[in-house]
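Notes to accompany the following structure.
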Amino acid sequence: RFFTGGSTTMRGFPFQELGPLDGSGDPVGGNTLLLGNLEARYPIYKKLGGVVFLDYGNVFPDEFDFKIDDIKYAVGTGLRFDTIVGPLRVDFGYTLNPEPNIDRFQFFLSIGHAF
466 RFFTGGSTTM RGFPFQELGP LDGSGDPVGG NTLLLGNLEA RYPIYKKLGG
516 VVFLDYGNVF PDEFDFKIDD IKYAVGTGLR FDTIVGPLRV DFGYTLNPEP
566 NIDRFQFFLS IGHAF
């Protein structure tokens, strides 16, 4: 099953919180995933860089339940600092069309490229 949301997929949503939910509101994943990430990186100073991004997608129960109106969008900005183990990433995402009970703003700190 597919799950999405978090620092490597949809940065406007918490980790694996986007998509179908069970009766108690817990994510159950789905059999169809639509996901796209656009990221523009630019240098700031020496090993420090910045990014702006657009993430879009969702998880659907199966291929026949796919609806274009259910695609979610997130935009944001971040910083990258090159280290010997890969870039240290700080990202701030904002969901343009959030799910109920999910904060529009998300913050992520991670190491390595998102994709």
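Using our numbering, read the sequence shown as starting at 466 and increasing by one per residue.
Where a beta carbon is used, it is the ideal one built from N, C-alpha and C, also for glycine.
Being a predicted model, the structure only gives us computed values, none of them experimental.
Residue j beta carbon less than 8 Å from that of residue i
i, j, result
"residue 476", "residue 556", "yes"
"residue 560", "residue 532", "no"
"residue 479", "residue 571", "yes"
"residue 584", "residue 518", "The shown model of the chain, from 466 to 580, leaves out residue 584, and the question about it has no answer."
"residue 494", "residue 485", "yes"
Residue i - containing beta strand (DSSP E), residue span
i, result
"residue 571", "570-576"
"residue 555", "551-560"
"residue 470", "No beta strand (DSSP E) holds residue 470; DSSP gives it neither H nor E."
"residue 605", "Any answer about residue 605 is impossible in this case: the structure gives the chain only from 466 up to 580."
Among the options, the one whose alpha carbon lies nearest that of residue i
i, options, result
"residue 489", "497, 566 and 496", "566"
"residue 568", "544, 577, 558 and 514", "558"
"residue 504", "542, 551 and 553", "542"
"residue 473", "500, 514 and 548", "500"
"residue 546", "494, 495, 514 and 482", "514"
"residue 497", "484, 511 and 528", "528"
"residue 482", "552, 564 and 578", "564"
"residue 534", "511, 549, 562 and 502", "562"
"residue 511", "544, 579 and 578", "544"
"residue 520", "530, 509 and 502", "502"
Legend entry - Given 8 Å, three or more beta-carbon pairs between the stretch 518-533 and the stretch 467-474: yes
Inset, instruction - Go through the stretch 492-532 residue by residue and report every complete run of the alpha helix (DSSP H) that reaches 4 residues or more, in order. - result: none
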